[in-house]
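Trainee: Mind having a look at this structure? Questions to follow.
Number of protein chains: 4
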Amino acid sequence: MSSAAAGPVFTLATGPVGSTPATQAALAQPVLHHTDPAFRALYAETVALLRESFGTSADPVIFPGEAVVGIEAAAAALIGPDDVLLNVVSGIYGKAFGQLARRFAREVIEVETAYNASIAPAEVGDALARRADITLVAVVHCETPSGTMNDLDAIAEITARSGALLIVDAVSSFGGMPTDFEQWNGIAITAPQKCLGGTPGLSLLHVSDDAWRHIAANPNAPRGSALSIEGWRDVRQPDRPFPFTPSVSDVYGLRSCLQQYLAEGPANAFRRHRQAAGAVRAGVPALGLHLWAADDAIRSDTMTAIEMPDGVDEAEVRAVARAESGVMLAGGQGALRGRVLQIGHMGPAAYPMSPVIGLTALGHALRRLGAKADVGAAVEAALAASGKSTA
Amino acid sequence: MSSAAAGPVFTLATGPVGSTPATQAALAQPVLHHTDPAFRALYAETVALLRESFGTSADPVIFPGEAVVGIEAAAAALIGPDDVLLNVVSGIYGKAFGQLARRFAREVIEVETAYNASIAPAEVGDALARRADITLVAVVHCETPSGTMNDLDAIAEITARSGALLIVDAVSSFGGMPTDFEQWNGIAITAPQKCLGGTPGLSLLHVSDDAWRHIAANPNAPRGSALSIEGWRDVRQPDRPFPFTPSVSDVYGLRSCLQQYLAEGPANAFRRHRQAAGAVRAGVPALGLHLWAADDAIRSDTMTAIEMPDGVDEAEVRAVARAESGVMLAGGQGALRGRVLQIGHMGPAAYPMSPVIGLTALGHALRRLGAKADVGAAVEAALAASGKSTA
Amino acid sequence: MSSAAAGPVFTLATGPVGSTPATQAALAQPVLHHTDPAFRALYAETVALLRESFGTSADPVIFPGEAVVGIEAAAAALIGPDDVLLNVVSGIYGKAFGQLARRFAREVIEVETAYNASIAPAEVGDALARRADITLVAVVHCETPSGTMNDLDAIAEITARSGALLIVDAVSSFGGMPTDFEQWNGIAITAPQKCLGGTPGLSLLHVSDDAWRHIAANPNAPRGSALSIEGWRDVRQPDRPFPFTPSVSDVYGLRSCLQQYLAEGPANAFRRHRQAAGAVRAGVPALGLHLWAADDAIRSDTMTAIEMPDGVDEAEVRAVARAESGVMLAGGQGALRGRVLQIGHMGPAAYPMSPVIGLTALGHALRRLGAKADVGAAVEAALAASGKSTA
Amino acid sequence: MSSAAAGPVFTLATGPVGSTPATQAALAQPVLHHTDPAFRALYAETVALLRESFGTSADPVIFPGEAVVGIEAAAAALIGPDDVLLNVVSGIYGKAFGQLARRFAREVIEVETAYNASIAPAEVGDALARRADITLVAVVHCETPSGTMNDLDAIAEITARSGALLIVDAVSSFGGMPTDFEQWNGIAITAPQKCLGGTPGLSLLHVSDDAWRHIAANPNAPRGSALSIEGWRDVRQPDRPFPFTPSVSDVYGLRSCLQQYLAEGPANAFRRHRQAAGAVRAGVPALGLHLWAADDAIRSDTMTAIEMPDGVDEAEVRAVARAESGVMLAGGQGALRGRVLQIGHMGPAAYPMSPVIGLTALGHALRRLGAKADVGAAVEAALAASGKSTA
C-alpha cells in the first residue's frame, strides 16, 4: 500500500502490473451472491466482452484460478494418455510446461533453443515431420523471464497442417500484442493481471471446438473437480449452475478491465505497449547494460529482460529500486535468477513516463550497488525513441 | 450492482453474504505485485490475524481457491490409498464429501441420518468401535442446506480417542459460532465469504501437526500442483516463494474482514448471529411456515432452513423476493431443491433489522404466489425474540 | 461507518440520505487538479447532465457550498435594496428565509399558514394584488420539517402575471417530484444530497435570464466573494477560470448521481418516491400515530412527518431507532422539535423495503420508550399500500 | 480520470495534488447523515487529529469552503471597521489579500517587495513602529505563484511585541514545512488539498483566544451567515448543532489525511518535502532554466517556481507536459502568467521519483516547443541532490 509517506508504488513488473482507478472502483462494488440476477448479468456481460476482446466466435472460459492453475487445468484436460506432445522450449516457462505435460501425456518430445532466442518455426515443422504421431504442440507465446516471443502465427500454420492441436501460453502477450486465438487451433490461456491490468485469480481460456472434442475424448480429463474446465463451459447461461462460487470481485474487476481495453481499442493498446517497449529498449544500452534477448525482432512489447553487469545481483538491484525509488521490477526466475531482471511495461504500466521511471530507478539502484549507469543518457535515449515511435 | 433505482440488495443468503464498506474499501486498494514488500507484509499480517481468529498456535494456510476447491485439496492431501474414512452424513454437503473421498481412500464408511437431523456422537463412537482401522473421520460442522449443526466437540473427542484424524467442513460455521480447531485434530476448512463477510476465492485451513505428518506420508497427495496445500504452508515467511501468484485483492479483503472480526470480538460476533437466528426462528412459525431442522438444539445460528408450503416452489419464492423486495435468499440445493430455502444471517447479514427484512420479503413473496403468510405476526415475533435475546 | 458488528446504517432522513455503490465509487476517484483537462471535461459534462436533469435550456450553476449557503448566495444576489419581497410561509424553512431576506430587501411581506398546511395560491394572488410593488416572491417547494408541498405551478403562474420573480427552495423536492424550473421564472435552488443521493457541499441553481438581469442590476449583489453566484456562471467553458477551486470529489459524485438519475428516468424516480411515500403514509396510522401534514394532497413524496404521542420526545425515539435498529430518522427542527419526526424516503432511501425498515424501527423505539405501536399492522399496511401503488 | 490508455496523471501542481489510495478509500465511505452518531464521532475525532497536527492547545475550526472562502471568512470575522491592517506583500496572493482587507478595514497599509523576494522582518518592524495604530498584520507564509517563503517566526515575534494580531495564509505551507500556529497569535488558515493530500472544499483554521475576542468585538463579523466562522467553533461537541450540513465526504477524507500525516510524523513529512524540493531545485538549472525565487533561503519546499525562456509561454509548456507525459504542472497566475510555472512537490506529490517525473516532462515539453532543455543533465542533477539530501 502506498501512503503519502512512501509515495506511489510503480509496479513495472511482469504481472500483476498495478491497476487503474476505474478497475479499483469496480473491485469495491458490494460482494453479490453468485446466483443473484445482478451477478449473473454481470458474468454474462463479462463473457461477451472477453469473447469480443479475444476476437473469437465461441464463448471463452473464465476459469477460477490464477494463470498457473489455468495452465495446469488446460493441460490436464487436453493431454490424454494417448497423446504425444511436442513441447517448444525457448525459456523457463516452456521448460516447466514440459514437466507438467509428462504427468498426462504418453510422450513428451521437445525442441529447445537458447533462452535468449526463439524457436524457428521450421524446427517445429521438422519435428512434426519426424513424428507423425504428435497430436499436441505446446508453445509459450511470450517467454516472460526472457522477454522473448515465439512466432505463433507461423507455428500455428505448421501445426494445423499436421493436424495437431495447440496449447498456447498467451498469458503475458494477450492485450499487449496481437494474438489470433481463432487461428491457433487448440487452447490458449491468458489472465487478467497482465496486459489487461486486472487482478490475479482468474484464467481466461479460448478453447476451440476441436479442443473441446479432444477434451471430451480424454478419459483422464478432470471432471467434477476444481481443475475441470469443462464445468465452466457455458456457465454464462442463466440456467447453468456454476460448479462452485466464482470470484465475484475478480469478475467485477475483469469486466471493468475489458471495458477499458475495448474502449481504448486493441490497435491503440498494442501501439502503447510498442512505444513503451521501444523507449525501454533504447534506454537500456544507453544506461550501459545489455538487453537479454538476442534480437530485436523477438523482443516482447510487454516486458524487457535486461542482463546485469558482472558481480551485480539482480535481486539486490530490485530491492534498492523498490526501497529508494518506489519502483517494483521483476526478476529472480529459474536459471536466470541473479543475472536477468525485467522492466515490465504491461497494461496500465505502459504509459509515456513509465520507461523513464523504470530506467531511472534501475540506474540509481545500480549506482548504489557500485556499478556504473548513465541515467541521463538512458532518459535521453528513451525520450528520443518515444519521439520516433509517436511519429 | 444496486442503483438508486433498484435500491440496495439485501443478501440474506448462505455465502457470499454481502460486504461492509470497510471490506469494499480494502478491495479497492491498488493491485500490488505479489513479491512487493508491501504485499509480503500484508500477507504475513493476514496470516497472523487468521491464526488469532482461529485461536490456534500453528500458522493457518490461506489456500487460493474457493471453499469447494479447498475441500478437494484438503481431501486429496489427507486421504491416502491406505486410509479408511468414516464419513458422517447429515445432509447434502456431507453426502457429497463421501463421493469425493472415494477418489482417494481405500474405503469410505458412512453413518447417516435424516437431513433435518444431526448425527448422535455415539453413532460415531459405535462406528469407530466396529472398525478399528478407521484412520480419518469427516464431518460437516454446519450443514448449510439444512441449517443444522453436528456436535463437533463431542465427535472430536471420540475421534481423538480412536487415534483417527478429522476433516471438518467449518465453512459456514467459523466466525458465527464457536469452533475449536485446536482440539479438532486434523484439518478444518473455512472461507472468507461466509461469517467473515469477505470475497469468495480463498479457502482458510487449519492443519494440525498430526495432519501435516499424515499428508507428508500420503504418496498421492498433490505436489507441484494447483491442488497442493503443502506448497502454501509457511509462505508467510518472506524468503518462501508463493507457488503461484496469490489473489492480491482477496487478501486485502481478508485482512480487513479479520480486523473487523477481531475488533468486534468473537463472543460479540457469536451473540450477534445468535440474536439474528433467534429472531428468524421465532418469525418463521408466526409467518405460518415450518422450520426444516427438527430440533432447536441443532439449528445453526448462521442460516435458517425453511420448508415451503405444499405447492409452492422455493425457487419461485426466492425470485419474487429478489425482484420485488431486493432480498436475495438461498435455496435450490440437491434433494431439498424446490422445498427448502434458507434465510442467511451470516457475517454482515446478521444485524438487528435483517430478520425483519428477510421475513417480510419471504412473506410478501409467498402471498404473491398465492400462499398465506402472516407478515405482521412474523415481524412481531421477530421483534419479541430480539427483545428476549438482548435481555 | 457501518461494520460487520453494527450492520448497515439505514439513513431514512431528510438529507444526506445515504449513497449508492456507484456514487461511492465515483467519490473514490483520484483528486485531480481543477484545471486538469480531465477535470474540466468532467465539469462540463456534469453541467450538461444537470441541465438535462433540470429540463432547462440555460446552463445551471453548480455553486460550491451546501444548500444553506446556496440559498444565502441566491438571496444576496437577487434581493436588492429596492426589492419588496413576498415571503410565503408554511413552515420552518419558509419562516427562516424571511429573516434572511430582510438583510437585503427594502421590505419583506409575509403570507403565512399553519405549519401542517400549505399556502393557497389565491392568497399569493391576493397579496400581489394588494401590493403592486412586490418584485420578488419566495416559496419553499417542499417544507422538509412538515413534509408538505406548496403548489408551485399555481404560485408561479400567479407570480408571472404580476411580473415578479421567484426564489424557490426546491432542495428536498427536485429529483423526487416534478419541478418545472423553466416555468418558475427566477431562481430555483436544490442540492445533491437529497433526492439525487449525493454529497452535501454543493448547491445546484437554475437562474432564469430575467433573474440574471435582476442580479446584474443589484448593486449589492456579492461580487468577487465566496458568496457570488455570478462568478460561477459559464465556468463550464474551458477558457473561463473557476473563481476558486471547486470541490473536485463532490463533482465526481454529482456526475455519477445525475447519470444514475437520468438512466432511471425522472418519471420512474418520481414513481419510486411515490410508492415509498404511499407505504409509509399507510403504515403510520396503522402504527397508531398521526401524520403531521393535514391533508394527503399536500404531503411530500420525499419524506413523511409524523407526530409523536403525548409524552414521547421524538429525539429519544430517533436515538433508540438508531442505536437498536441502525435506522437514522430525522427531526428536531425549530418549533416542531420534540413533537414531530420524519421518515425520509428520498433518493437511494426510496426503495421497496425502506418503508418497512423505517416503520419497524419507529415502532420498536416507541415501545422501548413505553408507548404503544402496532408494528405488525404497520408493516401489513405498508405492504398493502405497495401492492396498490405498483398496480 | 486516468485509464489504462492514458496512464496515470501525475499531479505535480500546487493543489489539489492528487490523493493516496488510503484517502480515496476514505472518500468512498457511505454518505452518513450529519447528525448520525457515527458522523458526530468521526467529526470529533477529526477535530482532535487536526489539533494534534496543528500542535495547538485550542480546538481548530473546520470551515466548510475552499481555502479562498476560508480566507474571506477569516478576514470578514477579524477585520473590523476600527482596524488598521498592515499587509505584507511579496507576491500575488499577498497583493490580493490587501484588496480583500480593504472591504473590512478602516485602513490598509502595505509593505511590498519584488515577487521573487521576501519581506525582511525588519520592514514589518519599521512599519509597526511608524504606525502604532496597526491592529492587524497579514502575511502569506508561502507565496505559491513565486514559490517563496516569508519568515513568519520573526514577523510573528515582531508583531507580538506591537500587540497586533496576525492573519496568516499558511495554505501551501502547513504540512510540508514547520508552522508554529500557537506562537503566531491570531488566525492561521490552511486547507486539506495541499500538503495533506486531501480534497478541496474545506478550510482549516487556527484561531487564538485573542483572535476569538477580537472577532467577538467586531460588530461587522458575519453572523448567521455562510461566512461566519464563529458558528463552526466548538461544533465537535455532540450537543452543538452544525450551522448547516458539513461536507461529509470531505471530512472522511480529512480524517484519513490527518491519520496518514501523523503516522508519518511531521518531521518525516518535512524531510520528504525538503528532499523533493532539493532535487527539483538542482534539476532546473541543469535543464537550462532559471529558478524564479531570488535566493535559495526563501524557496519553498512545497513547490518550485521556474522562469520560462524568452519566447516560451508557460501555458503551452504545461499543456504539452499534460498531453504527452501525463504530468500536470501549475502556473498561469496574475502578473507571472506566461512567464513562470511551478512544479509542485506537495503532500503525496513529494516522493522520490516525482522530481525526475516533473523535470523530464518539463524538458520534453520545452523541446516540443522549440526550446532547449538538457533532460539528461537535469535527471542526473536531481538524483545527485537526492543522494545528498538523504545523506
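Same order as they appear, the protein sequences are chains A, B, C and D.
Residue numbers for the first sequence follow the numbering used here, beginning at 756 and rising by one.
Residue numbers for the second sequence follow the numbering used here, beginning at 756 and rising by one.
Residue numbers for the third sequence follow the numbering used here, beginning at 756 and rising by one.
Residue numbers for the fourth sequence follow the numbering used here, beginning at 756 and rising by one.
Every residue gets a Cβ at the ideal spot worked out from N, C-alpha and C, and that includes glycine.
As the structure is a prediction and not an experimental result, all values here were calculated from the model.
Does DSSP classify P819/D as helix, strand or coil?
Mentor: Reduced to three states, the DSSP call for P819/D is strand.
Trainee: When you compare the CB positions of L855/B and L891/B, do they come within less than 9 Å of one another, or not?
Mentor: Not in contact: L855/B and L891/B (Cβ atoms no closer than 9 Å).
Trainee: At which residue ranges does the stretch 1062-1146 of chain A contain complete beta strand (DSSP E) runs of 3 or more residues, listed in the order of the chain?
Mentor: Fully enclosed beta strand (DSSP E) runs of 3 or longer: 1095-1099.
Trainee: Which class does F765/D belong to by DSSP, given the choice of helix, strand or coil?
Mentor: Note: F765/D maps to strand in three-state DSSP.
Trainee: Who are the neighbours of H788/A on chain B, taking C-beta pairs under 7 Å?
Mentor: Those are T766, A768, P771 and M1083, listed as they occur along chain B.
Trainee: Which same chain residues end up closer than 6 Å to S1011/A when comparing Cβ atoms and leaving out the 5 residues on each side of it in sequence?
Mentor: A777, T778 and A781.
Trainee: Compare the beta carbon distance of T1059/A and V1035/A with 9 Å and say whether it is the shorter of the two.
Mentor: Taking 9 Å as the Cβ cut-off, T1059/A and V1035/A qualify as a contacting pair.
Trainee: Compare the C-beta of T1115/A with all C-beta atoms of chain D and state if any pair is closer than 9 Å.
Mentor: Yes, its Cβ sits closer than 9 Å to a Cβ of chain D.
Trainee: Count the other CB atoms within 10 Å of the CB of F765/D; is the residue buried (16 or more) or exposed (fewer)?
Mentor: Result: buried.
Trainee: When the cut-off is 9 Å and only beta carbons count, does Q948/B lie next to chain A?
Mentor: Cβ-Cβ to chain A under 9 Å: yes for Q948/B.
Trainee: At least one CB of chain D closer than 9 Å to the CB of P785/B: is that the case?
Mentor: So yes, P785/B belongs to the interface.
Trainee: With a threshold of 16 other CB atoms inside 10 Å of the CB of K949/D, please say whether the residue is buried or exposed.
Mentor: By the neighbour-count rule (16 or more Cβ atoms within 10 Å), K949/D is buried.
Trainee: Can you name, in chain order, every residue of its own chain whose Cβ lies under 7 Å from the Cβ of C897/C, other than the five neighbours on each side?
Mentor: Within the same chain, C897/C has close Cβ partners M904, S927, S928, S1055 and T1057.
Trainee: When you compare the CB of F999/B with every CB in chain G, is at least one pair closer than 9 Å?
Mentor: Annotation note: the requested chain G is absent from the structure, which comprises protein chains A, B, C and D.
Trainee: On the premise that I944/C lies in contact with I924/C, defined as a C-beta separation below 8 Å, what is that separation, rounded to the nearest angstrom?
Mentor: Note on residue identity: the sequence assigns Asp, not Ile, to residue 924/C. Sure, about 6 Å apart at Cβ, within 8 Å.
Trainee: Can you pull the chain B neighbours of P776/D, defined as C-beta to C-beta under 8 Å?
Mentor: Those within 8 Å of P776/D in chain B are A783, Q784 and P785.
Trainee: Looking at G820/B: is its Cβ nearer than 9 Å to the Cβ of V824/A?
Mentor: It is a contact, given that the beta carbons lie within the stated cut-off.
Trainee: For the stretch 976-996 of chain C, enumerate the residues whose C-beta is nearer than 9 Å to any C-beta of chain D, in chain order.
Mentor: If the cut-off is 9 Å between Cβ atoms, the stretch 976-996 of chain C has G979, S980, A981, L982 and P996 near chain D.
Trainee: Consult DSSP for E937/C and reduce its assignment to one of helix, strand or coil.
Mentor: Correct three-state label for E937/C: coil.
Trainee: For the stretch 791-807 of chain D, which residues have a beta carbon sitting closer than 8 Å to at least one beta carbon of chain C?
Mentor: Cβ contacts with chain C: D791, P792, A793 and L797.
Trainee: Under the assumption that I834/C contacts F859/C (Cβ atoms under 8 Å), give the Cβ distance between them as a whole number of angstroms.
Mentor: About 4 Å separates the two Cβ atoms, so the contact holds.
Trainee: For L1138/D, return the contacting residues in chain A, with the cut-off set at a CB-CB distance below 7 Å.
Mentor: The contacting residues are H1119 and V1130.
Trainee: Name the chain B residues that come within less than 7 Å of P763/C, Cβ to Cβ?
Mentor: Neighbours of P763/C on chain B, chain order: Y1106.
Trainee: Which residues in chain B sit within 8 Å of A780/D, going by Cβ to Cβ distance?
Mentor: The contacting residues are A780, A781, A783 and Q784.
Trainee: Quick check on the burial criterion: 16 or more other C-beta atoms within 10 angstroms. Buried or exposed for A930/D?
Mentor: According to the sequence provided, residue 930/D is Gly. The question's Ala does not apply to it. Answer is buried; the Cβ neighbour count reaches 16.
Trainee: Just to confirm, is the Cβ distance from H788/A to A768/B under 9 Å?
Mentor: The answer is yes: Cβ separation under 9 Å.
Trainee: Which runs of the beta strand (DSSP E) at least 3 residues long sit entirely within the stretch 1031-1058 of chain B? Give them in chain order.
Mentor: DSSP runs (the beta strand (DSSP E)) wholly in the stretch 1031-1058 of chain B: none.
Trainee: Would you call P900/B buried or exposed, if buried means 16 or more other Cβ atoms sit within 10 Å of its Cβ?
Mentor: Buried: at least 16 other Cβ atoms inside 10 Å.
Trainee: Quick check: the Cα distance between R991/C and R795/C, rounded to an integer number of angstroms?
Mentor: Going from the Cα of R991/C to the Cα of R795/C covers about 7 Å.
Trainee: Starting from D838/A, trace the alpha helix (DSSP H) both ways and give me its first and last residue.
Mentor: First-last for D838/A: undefined, no H or E at that position.
Trainee: Beta-carbon within less than 8 Å of R995/A's beta-carbon, same chain only, minus the 5 sequence neighbours each way: which residues are those?
Mentor: D989.
Trainee: Which residues in chain B sit within 8 Å of T945/A, going by Cβ to Cβ distance?
Mentor: Those do not exist, as T945/A stays about 14 Å from chain B at its closest Cβ, beyond 8 Å.
Trainee: Can you name the residues of chain D whose CB is closer than 9 Å to the CB of S1011/A?
Mentor: Those within 9 Å of S1011/A in chain D number zero; the least Cβ separation is about 10 Å.
Trainee: Below 8 Å on the Cβ atoms is my guess for V1148/B versus V1134/C; work out the distance and round it to an integer in Å.
Mentor: As shown, chain B starts at 756 and ends at 1146. That puts residue 1148/B outside it, with no answer to give.
Trainee: Contact criterion: CB-CB distance below 9 Å. Does G956/B meet it with respect to chain A?
Mentor: So yes, G956/B belongs to the interface.
Trainee: Ends of the alpha helix (DSSP H) at A796/B?
Mentor: P792 to F809 is the extent of the alpha helix (DSSP H) around A796/B.
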